[in-house]
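Positions in the sequence shown are counted from 1; adding 313 to them yields my numbering.
A short write-up of the structure that comes next.
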Amino acid sequence: MSARSRYFLSIDDLAKARGADPALSYAGAGPGDFAAALQEALRSPTLFERWRAAQPDPDEVDPSLGVTDAQAQVQASVADLHVEVSVTTGLPMRILRHRLNLLIGASWQLRDVRGA
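Here's what the structure looks like:
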């Protein structure tokens, strides 16, 4: 795993933020629920395995997409009219992006990245 990074994201309308597949999509009610869902998706292979099983040929899915970070931390809070999210992880951005897209589609925006 690479060096730990802190990713700062924003979500304009969390109430409408959903991934393309309802079976994998975030279905919570607020920032705390979302933070818990994303943290679980980064720490555990469960979301990845459910997505992989739904692929036409699960055995052809790149296994490196399933890496996890047991120490990943996610915090989310309401700020003005959007939700600010802080993710601290050693996972690369491509993994974070994949999990975010499964949970909330393209409803998020990367604001900054810093070393953790």
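No residue lacks a Cβ here, since even glycine has one placed at the ideal position from N, Cα and C.
Being a predicted model, the structure only gives us computed values, none of them experimental.
- Task: Give the C-beta separation of V400 and S323 to the nearest angstrom, bearing in mind that I take them to be a contact with Cβ-Cβ under 8 Å.
- Result: Not really, about 12 Å apart at Cβ, beyond 8 Å.
- Item | Cβ contact check for the region 360 to 378 and the region 403 to 422: 3 or more pairs under 8 Å | yes
- Any 3 or more C-beta pairs closer than 8 Å across the region 349 to 360 and the region 375 to 395: yes
- Distance CB(T402)-CB(D382) smaller than 8 Å: Going by C-beta atoms, T402 is nearer than 8 Å to D382.
- Query: Are R427 and R319 closer than 8 Å when you measure CB to CB?
  - Reply: yes
- Message: For G345, report the span of its alpha helix (DSSP H) as first-last.
- Response: Membership of G345 in the alpha helix (DSSP H) is indicated by the continuous run P344 to R356.
- Buried versus exposed call for P344 [16 or more other C-beta atoms within 10 Å across all chains shown]: Under the 10 Å beta carbon count, P344 is surrounded by 16 or more other beta carbons and is classified as buried.
- Message: In the DSSP output, what is R319 paired with across the bridge?
- Response: T401 and R427
- Query: How should S357 be labelled, buried or exposed, when 16 other C-beta atoms within 10 angstroms of its C-beta is the threshold for buried?
  - Reply: By the Cβ neighbour-count rule, S357 is exposed, with fewer than 16 other Cβ atoms within 10 Å of its own.
- Task: Measure the alpha-carbon distance for G418 versus G332 and round it to whole angstroms.
- Result: 4 Å
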